[in-house]
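Please read the structure below before turning to the comments.
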Amino acid sequence: PSASSHHAELGEALHQVGQLSSLYAALKEQVAQLELTKCDRAELEKLRPLFLEADQKSSPSILGDLLDQVASLQTVANDLQGEKAKVRGQGCHCQPRLLGCKRSPEQGHQAWVKGLAVVGELGRESMVQEIEKELKELREKQDGAKAKLEQSVTDAADHLQEQLDKLRSVMENMMASSSALLSMSMPASPELRQAEAQATCPACSLDVSEQVKQLFQRYEQLQHLVNSFVARQAEIKAVRQLPARSQDEELLKHIQATILQVQEDCEKLNSVTGDLVDDHRQKQKDIE
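Residues 3 to 290, numbered by the numbering used here, are exactly what the sequence shown covers, in order.
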């Protein structure tokens, strides 16, 4: 072949090598960005208990999808290694042709290195796009799980506050009944004290009032716990962290159990107070 044909062949080869170099640089930048945002298997395993508690019905499929994503990413990594080996083999075949053109040994080596790098990038471009898509889907699933957890905690806090509001209403009624009972047992008129002493037991009235006071103190402690729980969840949501489910569940169980116990005590004390009031009224009628 003539020198002009060698020159044309060299120019075409260098042009292709330049294009391949540009593609390689762009893909290298994309891979670097993926390295900053990727999740490893250990991080996904840490999310397993959170997903299980967030939605017991749908979480098995979510976790299965996540593990499939990890396996798929591992397969892609293996494929990239295989492509790298193939590119090296192709580079060895292309090197003699490139070096056969009229140019210096240094120019031939540089052209061969660029060509070797870019040939591999052409085969991996579609794989990188697939990895980006899979990582995006993974992040969307993680965000969905966080949203479900936050909503479940918010619903639980609202339910507790609703129960406390009902309990407060009962407590206020009991305090009013206790005050009325106490006033019955301590008449202001000295002339009626002897007759009233037979109608109402002052010690019983004082005991009921003390029990009502203790129940109200327990209610205030419950309200403080619920307020602390709600504030903690708001702080966690502000910094966009996953809530500590084990600690939150223990606190919710404790609050729920205490509310039920206070409600039961209120019902018993309310029954006792009602009996005392009825007994007082009956004795008052007998005295009259």
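We treat Cβ as the ideally placed atom computed from N, Cα and C, and that holds for glycine.
Using a Cβ-Cβ cut-off of 8 Å (strictly less than) and excluding sequence neighbours within five positions of residue i, which residues of its own chain qualify?
i: leucine 36; result: Val130, Ile133, Glu134 and Leu137
i: leucine 166; result: Tyr221, Leu224, Gln225, Val228 and Ile261
i: isoleucine 257; result: Leu162, Leu224, Leu227, Val228 and Phe231
i: alanine 159; result: Val228, Phe231, Val232 and Gln235
i: lysine 270; result: none
i: threonine 77; result: none
i: serine 74; result: Glu136
i: aspartate 70; result: none
Below 8 Å on the Cβ atoms is my contact criterion, and I expect residue i with residue j to pass it. Report the Cβ-Cβ distance as a whole number of Å.
i: valine 264; j: glutamine 163; result: At roughly 15 Å, the Cβ-Cβ gap does not stay under 8 Å, so valine 264 and glutamine 163 are not in contact.
i: leucine 291; j: glutamate 127; result: Outside the displayed span of the chain (3 to 290) sits residue 291, for which this structure offers no information.
Buried or exposed: residue i, going by 16 or more other Cβ atoms within 10 Å of its Cβ?
i: glutamine 216; result: exposed
i: leucine 140; result: buried
i: alanine 233; result: exposed
i: alanine 259; result: exposed
i: glutamate 193; result: Unreliable positioning characterises glutamate 193 in this predicted model, as indicated by a pLDDT of 49, which lies under 50. The coordinate reading is nonetheless provided below. That one is exposed.
By Cβ distance below 7 Å, which residues in the same chain neighbour residue i in space, the five residues on each side in sequence not counted?
i: aspartate 81; result: Met129
i: aspartate 267; result: Leu217
i: lysine 300; result: The structure shown has nothing for residue 300, since the chain only spans 3 to 290.
Given residue i, which residues of its chain have a CB within under 6 Å of its CB, disregarding the five upstream and five downstream residues?
i: glycine 13; result: none
i: glutamine 32; result: Val130
i: valine 172; result: Cys268
i: glutamate 237; result: none
i: glutamine 18; result: none
Closest Cβ-Cβ distance between residue i and chain C: below 8 Å?
i: isoleucine 261; result: The structure shown has no chain C; it contains just one protein chain.
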